[in-house]
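J.:
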Amino acid sequence: MKPEESLQPTLQAFFELLIVGGLSLVTLFWIIPSQTEPSDNFGLSPSMVPTVCVVSIAMLAILQFFSSFLRTEKTDKRQQGLGIPSAIVASTIVGTILIDTVGLVTGGAVVAVLISIVIGERRIPNLVTIMVSAVFLLLFVEWSGL
1 MKPEESLQPT LQAFFELLIV GGLSLVTLFW IIPSQTEPSD NFGLSPSMVP
51 TVCVVSIAML AILQFFSSFL RTEKTDKRQQ GLGIPSAIVA STIVGTILID
101 TVGLVTGGAV VAVLISIVIG ERRIPNLVTI MVSAVFLLLF VEWSGL
């Protein structure tokens, strides 16, 4: 194996960290504050859920970067290309249209199942569990007004 090949996964993880980390910072400090307004309602702040999601994404990018140093295999076995990200975006668009037309609970459950299928889950019991869990979670969100 050439020395350049051993650096490839680490270099790729570094660029992933730069891109995801940079977009997370922009989202955290510019997009979320400009798109959410403080509310006097009881419950969570409107910016809390997006902030938690962005921080979680950034932390996962950092974890991915550091785990790239611990890999022992000689090649990076992740799929290359835009197939899976494109399918996730398409699933999200379908889910958004469904949420708008048939409601949050049904559309959200469909999004959860579609994205699970895209990322490789094929076992029917697991897909049913994901769908039922999404339905109960979204019913709770709808009921509580979160």
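Counting from 1, one number per residue, gives the positions in the sequence shown under our numbering. We put the beta carbon where it would ideally sit given N, CA and C, even for glycine.
From what residue to what residue does the alpha helix (DSSP H) around T101 run?
T.: G83 to V102
J.: Does T10 pass the burial test, meaning 16 or more other C-beta atoms within 10 Å, or should it be called exposed?
T.: exposed
J.: Thinking I88 and V118 are a contact (beta carbons under 8 angstroms), I'd like their distance in whole angstroms, please.
T.: Rounded, the Cβ-Cβ distance is 5 angstroms, consistent with contact.
J.: Look up E142 in the DSSP assignment and say whether it is helix, strand or coil.
T.: helix
J.: Just verifying my parser: in three-state terms, what is the DSSP assignment at G107?
T.: helix
J.: Between G95 and G103, how many whole angstroms is the CB-CB distance? I'm expecting something under 8 angstroms.
T.: Actually they do not touch by this definition, with Cβ atoms about 12 angstroms apart.
J.: Are three or more beta carbon pairs between the segment 17-24 and the segment 47-67 nearer than 8 angstroms?
T.: yes
J.: Can you tell me where the alpha helix (DSSP H) holding T51 begins and where it ends?
T.: M48 to S67
J.: Report buried or exposed for A112, applying the criterion of at least 16 other Cβ atoms within 10 angstroms of its Cβ.
T.: Taking all protein chains in view, the Cβ of A112 is crowded by 16 or more other Cβ atoms within 10 Å, so the residue is classified as buried.
J.: Given that a residue counts as buried once 16 or more other Cβ atoms are within 10 Å of its Cβ, and exposed if not, what is F65?
T.: Classification of F65: buried, given that the 10 Å Cβ count is 16 or more.
J.: Buried or exposed for L114, please, with buried defined as at least 16 other CB atoms from any protein chain shown within 10 angstroms of its CB.
T.: Buried: at least 16 other Cβ atoms inside 10 Å.
J.: From M48 to L28, what distance separates their C-alpha atoms?
T.: 11 angstroms
J.: Report the residue from N126, V105, V128 and P125 whose alpha carbon sits nearest the alpha carbon of W143.
T.: V105
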